[in-house]
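Novice:
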Amino acid sequence: MLTLDVKEAINSAFKKAFSYQPESLELVNPEPQFGDFALACHPFAKNLKLSPQEIASRLAANLISKSIVKTEAVAGYLNITIEAGRLGQEVLSEVIDKDKHFGVAKSKKEKILLEYSSPNTNKPLHLGHIRNNVLGMALARLLEARGAEVVKTQIINDRGIHIMKSLVAYQKLGNNETPESTGEKGDHFVGRFYVLFNEETMIDDAKEALCKWEAGDKDIKALWQTMNCWVYDGFKETYKSLGSKFDKDYYENATYLLGKKIISAGLKKGVFYKEADNSIWVDLTDIGLDKKVLQRSDGTSVYITQDLGLAVSRQKEWKFSRAIYVVGHEQEYHFRVLFAILKRLGYKWAEKLHHLSYGLVFLPEGKMKSREGKVVDADDVIAEVKNLALAEVKKRFPELPNIEAHERSKAIGLGALKFFLLRVTPTQAIHFNPKEAIAFEGSTGPYVQYAHARIASILKEETPLPPKKIDFSKLASPEDKNILLKILSYPKVASQAANSYSPNLICDYLVSLSQAFNTFYHKHQVLRAPDEETKHARLLLIKAVQIVLRNGLGLLGIDAPERM
RNA sequence: GUCCCCGUAGUUCAAUGGAUAGAACACUAGCCUUCUAAGCUGGAUAUGCAGGUUCAAUUCCUGCCGGGGACACCA
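If you're matching positions, the first sequence starts at 1 in full-length UniProt numbering and goes up one per residue.
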């Protein structure tokens, strides 16, 4: 790999000039006028007792490599320019050889458990869930591209008073309707009754239903089961549109009992304590948290109980080396408490649990609240972006067959939506402005997809690709170099994005690569290049761009259509 | 009251402690007889305030101001 060659050359220059071995070398891509790579020499000044400029000068004088054509010392920076043909040859042959594996590291095997969806079975998914899902899938792919085995899971909150609320409302107002009879999507059907639940007149019935449920009442359990299945049918459809996949679904009703066992065990060990009213507590004040109730005085479990059981059973089942919970920022305290309790119980793997908290999605009117109907429904948004994309496609290609038009609009609409949600740092809150979310121009998913489709349409004219042993010195324009250097940095960006759980870095990268390509595209002809050699070199160049765009979009869970 | 996240251009967002803080939208002037104009080329504007650490701070530390979230025998 080229950057390694340059690093080696710098290392030996250090040796020759100063008999010194730096611990690590961080090369950056400077402004084009300075060169292709640069090394800031300031950090070495202290050890070498020389000015950064002096260090850079001496390194420049001692830097020998057949691929380096120019070295310069400016303001304490060592600037390096690579031979034109060399860059193209090394970068392009690697990308085209590796193809879909370019940017994928074959590093150590690690098993990562990822939880990225935790729906309630009393209402349909909303925009916040979409962010959660899109982020989770992107993370899964990002980590897989680092060589990790990722176990994708969701925890379904199918138990508790809120579930009984929709159930009781249905009992009272349902008239034996079903999603089939009314033609509604199952999750929306159930959600309708959750909204109809009346806090004043029905709360006692809901509490009673919960007691019956816990006692195993047959009728309640049967209805609960039926309604949950309606909801699951609905979720399945939404997940399919989003491309969400899970290796394993966990259900709260199955994990909370294990949580209770863990709590009694902890009580015996003296990690927890019992109050006079029989409630069970943990005292975390010594680490800056609070006292927390783990079991109510009536013996029933609380929210955290199921997460304790879930964590323990998942570790037992998967033996993960790391677990990541992709859950909203508002639950940060909950997870701090959860992890602290697990540590206190003596589970060593508790150190390996991370809460990746993502910011809320705000609407122009403020925070979303499902109880007040102030939500952006997931299915609605998905349908809307598809429709808008369809209108654009039809405007451009009125003659396109319907099936093809719908396929394209699905890719484009969802590409726009996913990109919109992923381009922001996960911890940042998103202010959802419908117009921006579904924009197809500017810094958007479709912009990247469009660059990809343009390349596809050029390459379609020219199959098969030219051989890889050609004259790459034809790729010496600023536009060529800009693209080559960007491609070269892709693996690094991908690993940074994975290590810091930041898919937004990929979004940024893809936009800048697309910009580099578009600029090139407007300035240089590919099929009508001045000569055959240039044409061949350019074909390989854009092929490599296409590969990287497709791989990068793939990490984000976004399709790369051949035509738009 | 305590804790967590966030304050960057008119707006929405970027920026492993490194050279002149990047994009996009909006606004504006141009570019389709030439590989897809969902595009390209120009044009103006920004690090909340006060200190500190550092050769170097949007980035790290402290305080203040402003916005959001959390701290239930809710989930």
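Using N, Cα and C, we set each Cβ at its ideal position, and we do this for glycine too.
All values derive from a computational prediction rather than experimental measurement.
If L113 and G136 are in contact, beta carbons under 8 Å, what's the gap, nearest whole angstrom?
Specialist: Taking the first residue of the first sequence as 1, we reach residue 113 at position 113. Taking the first residue of the first sequence as 1, we reach residue 136 at position 136. Not really, about 12 Å apart at Cβ, beyond 8 Å.
Novice: What is the residue span of the alpha helix (DSSP H) that D5 lies within?
Specialist: By 1-based counting over the first sequence, the position of residue 5 is 5. Taken as a continuous stretch (DSSP letters only), the alpha helix (DSSP H) holding D5 covers 2-18.
Novice: Put V282 into one of helix, strand or coil per three-state DSSP.
Specialist: As a working note, residue 282 is residue 282 in the first sequence. Here V282 sits in strand by DSSP.
Novice: In the DSSP assignment, find the unbroken beta strand (DSSP E) run with Y501 in it and report its ends.
Specialist: Within the first sequence, the letter at position 501 stands for residue 501. Note, Y501: premise wrong, no beta strand (DSSP E); not H, not E.
Novice: In three-state terms, what does DSSP make of S473?
Specialist: Residue 473 sits at position 473 when you count from the first residue of the first sequence. Helix at S473.
Novice: I need the straight-line Cα distance from S117 to K468, nearest angstrom please.
Specialist: Residue 117 sits at position 117 when you count from the first residue of the first sequence. Residue 468 sits at position 468 when you count from the first residue of the first sequence. Going by the C-alpha atoms only, they are around 45 Å apart.
Novice: Is the segment 446-464 close to the segment 510-518, with three or more CB pairs under 8 Å?
Specialist: Touching, yes, given that three or more Cβ pairs across the two stretches are closer than 8 Å.
Novice: So, is Q154 buried or exposed, given that buried needs 16 or more other C-beta atoms within 10 angstroms?
Specialist: Here residue 154 corresponds to residue number 154 of the first sequence, with the count starting at 1. Q154 comes out buried.
Novice: If you scan the segment 76-146 from start to end, which runs of the beta strand (DSSP E) of 3 or more residues do you find wholly inside it?
Specialist: Qualifying beta strand (DSSP E) stretches, in chain order: 77-82, 111-115.
Novice: Any idea if V361 is buried or exposed, counting beta-carbon neighbours within 10 angstroms, 16 or more meaning buried?
Specialist: Position 361 of the first sequence, counted from the start, is the residue given in the question as residue 361. Burial call: buried.
Novice: Can you tell me whether T238 is buried or exposed? The criterion is at least 16 other CB atoms within 10 Å of its CB, across all chains shown.
Specialist: Residue numbering aside, residue 238 sits at position 238 when the first sequence is read from its first letter. Per the 10 Å Cβ criterion, buried.
Novice: With DSSP as the reference, please indicate the residues paired to R322 in a beta bridge.
Specialist: Counting from 1 along the first sequence, the entry for residue 322 is found at position 322. R322 is bridged to I112.
Novice: According to DSSP, is I163 part of a helix, a strand, or is it coil?
Specialist: Residue numbering aside, residue 163 sits at position 163 when the first sequence is read from its first letter. Correct three-state label for I163: helix.
Novice: Taking 9 Å as the cut-off, decide whether the C-beta atoms of I10 and L39 are in contact.
Specialist: Taking the first sequence and counting its residues from 1, the one referred to as residue 10 is at position 10. Taking the first sequence and counting its residues from 1, the one referred to as residue 39 is at position 39. Yes, Cβ-Cβ distance for I10 and L39 is below 9 Å.
Novice: Hey, could you find the ends of the beta strand (DSSP E) Y251 is sitting in?
Specialist: Position 251 of the first sequence, counted from the first residue, corresponds to residue 251. Per DSSP, Y251 belongs to the beta strand (DSSP E) from 248-251.
Novice: Let's see if you can read the secondary structure: which residues bound the beta strand (DSSP E) around F37?
Specialist: Residue numbering aside, residue 37 sits at position 37 when the first sequence is read from its first letter. Counting along the chain, the beta strand (DSSP E) containing F37 begins and ends at 37-40.
Novice: Does S244 pass the burial test, meaning 16 or more other C-beta atoms within 10 Å, or should it be called exposed?
Specialist: The count along the first sequence starts at 1 and reaches residue 244 at position 244. Label assigned to S244: buried.
Novice: Considering S241, what are the terminal residues of the alpha helix (DSSP H) in which it resides?
Specialist: Along the first sequence, one-based indexing puts residue 241 at 241. Note, S241: alpha helix (DSSP H), 218-242.
Novice: For a test of the three-state rule: what should DSSP assign to V74, helix, strand or coil?
Specialist: Numbered from its first residue, the first sequence carries residue 74 at position 74. Reduced to three states, the DSSP call for V74 is strand.
Novice: Which stretch, first to last residue, makes up the alpha helix (DSSP H) that contains T178?
Specialist: Along the first sequence, read from residue 1 onward, the residue named residue 178 stands at position 178. Looking at the DSSP string, T178 is not in any alpha helix (DSSP H), and its letter there is neither H nor E.
Novice: Output the boundary residues of the beta strand (DSSP E) element that contains H452.
Specialist: Here residue 452 corresponds to residue number 452 of the first sequence, with the count starting at 1. No beta strand (DSSP E) holds H452; the alpha helix (DSSP H) holding it covers 445-459.
Novice: Quick check on Q21: buried or exposed, where buried means 16 or more other Cβ atoms within 10 Å of its Cβ?
Specialist: For the purposes of this step, residue 21 is taken as the residue at position 21 of the first sequence. Exposed, because fewer than 16 other Cβ atoms sit within 10 Å of the Cβ of Q21.
Novice: With a CB to CB cut of under 7 Å and the five nearest residues on each side skipped, what residues in its chain are close to F246?
Specialist: Translated into the one-based positions of the first sequence, residue 246 becomes position 246. K152, T153, Q154.
Novice: Buried or exposed for C229, please, with buried defined as at least 16 other CB atoms from any protein chain shown within 10 angstroms of its CB.
Specialist: Position 229 of the first sequence, counting from 1, holds the residue named residue 229. Burial call: exposed.
Novice: Taking N120 as the reference, give the member of I156, K111, H129 with the closest Cα.
Specialist: Position 120 of the first sequence, counting from 1, holds the residue named residue 120. The option with the nearest alpha carbon to N120 is I156.
Novice: Do L510 and L242 have their beta-carbon atoms positioned less than 9 Å apart in this structure?
Specialist: The count along the first sequence starts at 1 and reaches residue 242 at position 242. The count along the first sequence starts at 1 and reaches residue 510 at position 510. Going by C-beta atoms, L242 is not nearer than 9 Å to L510.
Novice: Is it buried or exposed for P426, if we count other Cβ within 10 angstroms and need 16 for buried?
Specialist: Taking the first residue of the first sequence as position 1, residue 426 is located at position 426. By the 10 Å Cβ count, P426 comes out buried.
Novice: Out of S279, R296, K343, which one is the CA nearest neighbour of I287?
Specialist: Translated into the one-based positions of the first sequence, residue 287 becomes position 287. The shortest Cα separation from I287 among S279, R296, K343 belongs to K343.
Novice: Can you grab the Cα-Cα spacing for the pair F339 / L353, in whole Å?
Specialist: Position 339 of the first sequence, counting from 1, holds the residue named residue 339. Position 353 of the first sequence, counting from 1, holds the residue named residue 353. The alpha-carbon atoms of F339 and L353 are separated by roughly 7 Å.
Novice: Contact defined as beta carbons within less than 8 Å: I believe V337 pairs with K291. What is the distance between those atoms, to the nearest angstrom?
Specialist: As a position in the first sequence, residue 337 is number 337, starting the count at 1. As a position in the first sequence, residue 291 is number 291, starting the count at 1. Their Cβ separation, rounded to whole angstroms, is 10 Å, which puts V337 and K291 out of contact at 8 Å.
Novice: Quick check: W213 and R146, are their CB atoms within less than 9 Å of each other?
Specialist: Within the first sequence, numbered from 1, the residue matching residue 213 stands at position 213. Within the first sequence, numbered from 1, the residue matching residue 146 stands at position 146. No, the pair does not count as a contact, with Cβ atoms beyond the cut-off.
Novice: To which residues of the same chain is W318 closer than 6 Å at the C-beta, ignoring the five residues directly before and after it?
Specialist: Here residue 318 corresponds to residue number 318 of the first sequence, with the count starting at 1. Here the set comprises L113, V151.
Novice: Indicate the three-state DSSP secondary structure (helix, strand or coil) for T519 in the structure shown.
Specialist: Sequence index remark: in the first sequence, residue 519 carries index 519 (1-based). T519: helix per DSSP, three-state reduction.
Novice: Distance, Cα to Cα, F235 vs P124?
Specialist: Your numbering for residue 235 matches position 235 in the first sequence. Your numbering for residue 124 matches position 124 in the first sequence. One C-alpha to the other measures close to 7 Å.
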